[in-house]
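Chemist:
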Amino acid sequence: MITATPERAWLGVVSADHTRRATDHGFIQLNHGKRHNLNRLRPGDGFVIYSPTERYGEKAPLRAFTALGIVADSEPYQAEPMSMGAHGVVRPWRQAVDFEVVERAALAEVSGELTLTRQPNWGYQLRRGLVPLAVEDFEVLRSVMIC
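Positions in the sequence shown are counted from 1; adding 88 to them yields the working numbering.
(1) If you run the structure through DSSP and keep just helix, strand and coil, what is D186?
(2) By the three-class DSSP mapping on this structure, what secondary structure does L221 have?
(3) Please return the same chain residues whose Cβ sits closer than 8 Å to the Cβ of E203, not counting the five positions on each side in sequence.
(4) Between which two residues does the beta strand (DSSP E) carrying R109 extend?
(5) Do I116 and L126 come within 9 Å of each other at the CB atom, strictly closer than that value?
(6) Does D112 pass the burial test, meaning 16 or more other C-beta atoms within 10 Å, or should it be called exposed?
(7) Three-state secondary structure (DSSP) at A174?
(8) By how many angstroms is the C-alpha of I158 removed from the C-alpha of I234?
(9) Decide if P180 is buried, meaning its Cβ has at least 16 other Cβ atoms within 10 Å, or exposed.
(10) Looking at L150 and S103, is the spacing between their C-beta atoms short of 9 Å?
(11) May I ask you to report which of helix, strand or coil DSSP gives R128?
(12) So, is S139 buried or exposed, given that buried needs 16 or more other C-beta atoms within 10 angstroms?
(13) Excluding the 5 residues flanking E191 on each side, which residues of the same chain have their C-beta closer than 7 Å to its C-beta?
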């Protein structure tokens, strides 16, 4: 269980079905397995996953925070080759994360409490797949999501 407040926090954007796979195996994989965003993470950083949809490629919105944890390793690692559908077969880069058992938090229920959502057009930055998250926002989400 997370007890200390992290010095830094991040928000990753991943569909809920891919999030389940990641939390079951204790890793995060961003931007179809590319390494560049993972290089920004450091051990002890807070990490929250926002899932815009339930399944990758679907249009029906979910708009929920679906996972929360702490980055565990200092270096990304390369996984075994896997099919990424239209992206072909790749050896994705992953980062170990110690995930907590959480309940989903709907964006609509917490957006008024988050610094992240106070800026106009705040959702546009989510297209990058990883955005800095205020530590205060991490703490708000932790208080809502931890079972």
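Yeah, the Cβ is synthetic: ideal placement off N, Cα and C, and Gly gets one too.
Modeler: Taking the coordinates as given:
(1) As a working mapping, residue 186 is identified with position 98 in the sequence shown. Of the three classes helix, strand and coil, the one that applies to D186 here is strand, per DSSP.
(2) Counting from one through the sequence shown, the residue named residue 221 turns up at place 133. Here L221 sits in strand by DSSP.
(3) Indexing the sequence shown from 1 puts residue 203 at position 115. The identity of residue 203 in the sequence shown is Thr, whereas the question assumes Glu. Within the same chain, T203 has close Cβ partners A222, E224 and D225.
(4) The residue given as residue 109 occupies position 21 in the sequence shown. Premise fails: R109 lies in the alpha helix (DSSP H), A104 to H113, not in any beta strand (DSSP E).
(5) Position 38 of the sequence shown, counted from the first residue, corresponds to residue 126. Position 28 of the sequence shown, counted from the first residue, corresponds to residue 116. Between L126 and I116, the C-beta spacing is below 9 Å.
(6) Sequence index remark: in the sequence shown, residue 112 carries index 24 (1-based). Classification for D112: exposed.
(7) Position 86 of the sequence shown, counting from 1, holds the residue named residue 174. A174 falls in the helix class under three-state DSSP.
(8) Locating residue 234 in the sequence shown gives position 146, where the first residue counts as 1. Locating residue 158 in the sequence shown gives position 70, where the first residue counts as 1. C-alpha separation (whole angstroms): 13 Å.
(9) Translated into the one-based positions of the sequence shown, residue 180 becomes position 92. Buried, since its Cβ has 16 or more Cβ neighbours within 10 Å.
(10) Against the sequence shown, residue 103 aligns to sequence position 15. Against the sequence shown, residue 150 aligns to sequence position 62. For S103 and L150, yes; Cβs fall inside 9 Å.
(11) Taking the sequence shown and counting its residues from 1, the one referred to as residue 128 is at position 40. In the three-state scheme derived from DSSP, where H, G and I count as helix and E and B as strand, R128 is classed as helix.
(12) The residue labelled residue 139 in the question sits at position 51 within the sequence shown. A residue is called buried when at least 16 other Cβ atoms come within 10 angstroms of its Cβ; S139 meets this threshold and is buried.
(13) Walking along the sequence shown from the start, residue 191 turns up at place 103. Answer for E191: M233 and C235, listed in chain order.
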